[in-house]
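One structure is given below, encoded as structure tokens.
In the working numbering, the protein residues as written are 16 to 605.
Written as structure tokens, this is what we have:
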């Protein structure tokens, strides 16, 4: 796991100092090693900051150059099937000088070209300089788990793992004028958007090639969402899910560095802890946080499971003062604005204090198996789209934030319903907060709607919910937050529920089997419930939620670097504003 960066100048200038500045700004995500590569007269400079997980020796140093010197790679991620690929490449005559997955990717590219990326099972953002073709090749994993930001104009290409890298090398970079519209509407920046003008994310499952001589680009997708319903019985689905998830956890246990599992005490993390313990020859380490506020704390269930499975528990109680003291560091870690991620910040800090460098996380389970309340409200889409415009316009005058959400536009493809559940501030409120026109806000939301693939319109309602929760909330908030908060602490966060075998299995299960109207994640319960204590799964979903509602009500009474928004804070204290909206308003003013 690493941080990567690079600059390619069309005029042949080698921006070594800028790439060094980019890498230095991201050092928290790669504290173990660093390197720079310069390519002759082509104006190509690649950089890397390394977090050593696999092959801890200098043989895994990056950027890595091929044996014949014709290709160079800088890579962020982890390839879980690299040993199988290495074996296949060895039979084709390739020789290896390290035990790293980086070298396997490089030789796979030499052997199979662009087709190599579809063979990789893992999380990755890759840049390869191909001196033979004079091309820079960028690639990102199918779920968009690892970030890859880029800027391209007629003179240069710049890429990096974090936006802070761009700011470090070009402090004068202009902000994107619309980022606050998207952030206040959703609580995160969706799609390829960032806070910097002209800087975007490479889309997931995409390979982009830039020929540095002609300065032409070509992009292809090596993976498309594909629903092939071949499993139509609960029994077959349970068996398939059990096998796929067990195989995924087994594959992701590979590590030369200490590895653990995030344990909240809920079903998803308990399943991962169960499976990891079965596949780990050493005593497994669990990482947990708890609170004095009993309504939010799952300490009882964490303790129950660690005793049941006899794992080594690292548990820390997080209090309000811990949150207040950490605010400056949380803001520094936050590469892009988000109302989430603070929970990941603290649990990642606990992991690093325990000496763990890689962890398993339950991200993806709710999105794939119907764990969110939005699945139970999928039938809202029909009446949401039927709400007359007059009623929508009247929504802005309603005092209750929940009722005001009727103001969100009634988009198709499930997007209107998604906004009903996941939207933060409505268009009129965003317009008022930013002193901009409401038509600009609605126009931005319409652009986002147009980016949703047309095939989503024809999915079953529950599959629509799953797709949008995965493609938007999970990808652009949960995964993004997990990456920068984990890497801020030098921690690699792995997500077995998003392993290729699990994704392929889930997409093959018919929706009427996959989801249950009265029991969230029923397939996971049927697959693993008998191997877990009853109290773990036979209770209402709690979620990995901190007591922010309690803590933030007292923010105005303490010294903090946050702006003082007395009007919003009064609404928060009076119970007329959710903490997430208050937090978003604070961040938008910074």
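Just so it is clear, CB atoms sit at the ideal spot from N, CA and C, and this is done for glycine as well. Because the structure is a prediction, the values reported are computed rather than measured.
* **Three or more C-beta pairs below 8 Å linking the segment 202-217 and the segment 470-481** => no
* To do: Pick helix, strand or coil for residue 231, following the three-state DSSP scheme.
  => strand
* Asked: Skipping 5 residues on each side, what residues in its chain have a beta carbon closer than 6 Å to that of residue 352?
  -> 198 and 602
* Evaluate residue 26 with the Cβ neighbour count: other Cβ atoms within 10 Å of its Cβ, from every protein chain shown; 16 or more gives buried, anything less gives exposed. => exposed
* Which residues share a DSSP beta bridge with residue 48? -> 65
* To do: Within the same chain, show all residues whose beta-carbon is closer than 7 Å to that of residue 405, passing over the 5 residues directly before and after it, in chain order.
  => Bear in mind that the predicted position of residue 405 carries a pLDDT of just 47, short of 50, making it too unreliable to give a figure here.
* **Any alpha helix (DSSP H) of 4 or more consecutive residues that is wholly inside the segment 272-360** => 282-294, 314-324 and 335-348
* residue 89, enclosing beta strand (DSSP E) - first and last residue -> 86-94
* Between the Cα of residue 117 and the Cα atoms of 54, 87 and 103, which residue gives the shortest distance? -> 87
* For residue 241, name the three-state secondary structure that DSSP assigns. => coil
* To which residues does DSSP link residue 224 through a beta bridge? -> 152 and 233
* As assigned by DSSP and simplified to three states, the class of residue 111 -> coil
* Taking all protein chains shown into account, do 16 or more other C-beta atoms lie within 10 angstroms of the C-beta of residue 560, making it buried, or fewer, making it exposed? -> exposed
* Asked: Taking the Cβ atom as the reference point for each residue, do residue 548 and residue 238 lie within a distance shorter than 8 Å?
  -> no
* When burial is assigned at 16 or more other CB atoms within 10 Å of the CB, is residue 101 buried or exposed? -> buried
* Apply the 10 Å Cβ neighbour rule to residue 507 and answer buried if 16 or more other Cβ atoms are within range, or exposed otherwise. => buried
* To do: Name, in chain order, the residues that DSSP records as bridge partners for residue 507.
  => 373
* Asked: For the beta strand (DSSP E) that contains residue 554, what are its first and last residues?
  -> Here residue 554 belongs to no beta strand (DSSP E), and DSSP marks it neither H nor E.
* **The alpha helix (DSSP H) enclosing residue 471, as first and last residue numbers** => Taken as a continuous stretch (DSSP letters only), residue 471 belongs to no alpha helix (DSSP H), as it is neither H nor E.
* Can you tell me whether DSSP reads residue 175 as helix, strand or coil? -> strand
* Tell me where the alpha helix (DSSP H) around residue 384 begins and ends. => 380-384
* Decide yes or no for the touch test of the segment 73-90 against the segment 46-58: beta carbon pairs closer than 8 Å, at least 3 of them. => yes
* Asked: Tell me which same chain residues have a C-beta within less than 8 Å of the C-beta of residue 412, skipping the five on either side of it?
  -> Its pLDDT being 47, under 50, residue 412 is placed unreliably in this model, and the value from its coordinates should be taken loosely. The answer is none, since no qualifying residue turns up.
* Which of helix, strand or coil does DSSP assign to residue 433? -> helix
* Report the rounded CA-to-CA distance for residue 230 versus residue 142, giving the unit in angstroms. => 17 Å
* Which one or two residues does DSSP pair with residue 21 in a beta bridge? -> 61 and 174
* Counting Cβ pairs closer than 8 Å, one from the segment 303-322 and one from the segment 340-355, do we hit at least three? -> no
* **Nonlocal neighbours in the same chain, by C-beta distance under 6 Å from residue 159, ignoring five residues either side** => 219 and 490
* For the segment 495-510 against the segment 427-446, are there 3 or more C-beta pairs whose distance is under 8 Å? -> no
* Can you tell me whether DSSP reads residue 498 as helix, strand or coil? -> helix
* To do: Give the range of the beta strand (DSSP E) segment to which residue 167 is assigned.
  => 164-167
* Would residue 55 be called buried (16 or more neighbouring beta carbons within 10 Å of its own) or exposed? -> exposed
* Asked: Looking at the unbroken alpha helix (DSSP H) that takes in residue 600, where does it start and where does it end?
  -> 594-603
* Residue burial classification, residue 591 (beta-carbon count within 10 angstroms, cutoff 16) -> exposed
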